[in-house]
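Engineer:
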Amino acid sequence: MRIGTWNINSARTRVDRVIECCARWNLDVLAMQEIKCKPGQFPIDAFTDAGYRVEVHGLNQWNGVAIASRLPILSVSRDFPGAPTWGDPARVEARALRVRIDDGTPEGLDVWSLYVPNGREIDHPHYQYKLQWLAALRAAVSPYVAGDSSGVSKGDAPGEDSLAEGGAVPPATASDEGSSPSALLVGDWNVAPRDEDVWDIDFFDGRTHVTQPERSAFEAFAADGWVEATRPRVTNYTYWDYQQLRFPRNEGMRIDFMYATPALDARITQAWIDRDERKGKGASDHVPVIVEIAH
DNA sequence: ATGACAGTCTGGGACTGA
Numbered sequence: 002m003r004i005g006t007w008n009i010n011s012a013r014t015r016v017d018r019v020i021e022c023c024a025r026w027n028l029d030v031l032a033m034q035e036i037k038c039k040p041g042q043f044p045i046d047a048f049t050d051a052g053y054r055v056e057v058h059g060l061n062q063w064n065g066v067a068i069a070s071r072l073p074i075l076s077v078s079r080d081f082p083g084a085p086t087w088g089d090p091a092r093v094e095a096r097a098l099r100v101r102i103d104d105g106t107p108e109g110l111d112v113w114s115l116y117v118p119n120g121r122e123i124d125h126p127h128y129q130y131k132l133q134w135l136a137a138l139r140a141a142v143s144p145y146v147a148g149d150s151s152g153v154s155k156g157d158a159p160g161e162d163s164l165a166e167g168g169a170v171p172p173a174t175a176s177d178e179g180s181s182p183s184a185l186l187v188g189d190w191n192v193a194p195r196d197e198d199v200w201d202i203d204f205f206d207g208r209t210h211v212t213q214p215e216r217s218a219f220e221a222f223a224a225d226g227w228v229e230a231t232r233p234r235v236t237n238y239t240y241w242d243y244q245q246l247r248f249p250r251n252e253g254m255r256i257d258f259m260y261a262t263p264a265l266d267a268r269i270t271q272a273w274i275d276r277d278e279r280k281g282k283g284a285s286d287h288v289p290v291i292v293e294i295a296h
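Residue numbers (the numbering used here): 2 to 296.
1) From the DSSP secondary-structure annotation, give me the bridge partner or partners of Thr6.
2) Give me the DSSP bridge partner(s) of Gly253.
3) Can you tell me whether Asp89 is buried or exposed? The criterion is at least 16 other CB atoms within 10 Å of its CB, across all chains shown.
4) Which residues bound the beta strand (DSSP E) around Ser76?
5) Looking only at C-alpha atoms, which of Leu98, Pro289, Gln213 sits nearest to Glu278?
6) In the DSSP output, which residue or residues are listed as bridge partners for Arg92?
7) If I follow the unbroken alpha helix (DSSP H) through Arg18, where does it start and stop?
8) In chain order, what residues of the same chain have a beta carbon less than 8 Å from the beta carbon of Trp241, not counting five sequence neighbours either side?
9) Please classify Gly226 as buried or exposed, where buried requires at least 16 other C-beta atoms within 10 Å of its C-beta.
10) Nearest by alpha-carbon distance to Tyr53: which of Asn61, Ala67, Gln42 is it?
11) How many angstroms separate the CA atom of Leu31 from the CA atom of Trp190?
12) Can you tell which of Val55, Ile102, Asn27, Gln62 has the C-alpha that lies nearest to the C-alpha of Lys37?
13) Counting Cβ pairs closer than 8 Å, one from the segment 262-270 and one from the segment 199-215, do we hit at least three?
14) Between the beta-carbon of Val314 and the beta-carbon of Met259, is there less than 7 Å?
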């Protein structure tokens, strides 16, 4: 089974490249970010013709996430409990979408497509919004990894009583211990967790993506028991700015990641990025990140 | 080498991205 994540920077502009990418890599699931459209504007037919069902979460021309799957989709949910709002009028933006995939296991596999707020400037309200968003997401998905870390209370195992209204983590099948589905939190995290994840750490002095609060918010998931699946398996940037010849100079950033529940991480045999997708006219500024999962 | 980022909108410049 192959699962990819890709900030495609507009679904309508990128649809041909995205479909080709799904075919080239034989993807079963692709999580997309920055689709920049509403569901009615999303090029669903191209995915249907290619054998994929698509779930779309988009409110306007900003943000937006989607997940295409050629494996059966068992359930879908948008946003997560406690998600902070942004804008005037204040509303929860389209930055999180979950589908439960029938991957052949009794519990299924939850795949989350996530687009973490950018933060803009460190003294901008958007930066605080970013930190709040990450903290709220962490809390919402903590039931998946409850029991995998000493820091997590035992009573938080996924189940009816551990869920806020609208439940971020719907119960699996039976309510036995260990019936929690495996999960993947994939997407554009807009955080460079380590200095080597940017081409020049001095360039980022005083800028977002590399500050300690952002890095702590990202690493907190690992402290909860999540395992970042790509770093041990692939070394590369995942984003290069359109400006300043960043790609030809290989001045990029590693900001797209996949957090997996431990049991799922153990099944991942390899990970890679498709650097060629940054080349040529009509490229997104991000490249696809893909993992292979053994049955 | 005289360009210099790309996407969206009831657009002709502003906003967003990172």
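Ideal Cβ positions, reconstructed from N, Cα and C, are used throughout, including at glycine. This one's a predicted model, so the numbers in the text were calculated from it and none came from an experiment.
Structural biologist: According to the structure data:
1) Ala32, Val290
2) Trp241
3) exposed
4) 74-79
5) Pro289
6) Trp87
7) 12-25
8) Arg247, Phe248, Asn251, Glu252, Gly253, Met254, Arg279, Asp286
9) buried
10) Ala67
11) 16 Å
12) Gln62
13) no
14) The structure shown does not extend to residue 314, since the chain is modelled only from 2 to 296, so the question has no answer here.
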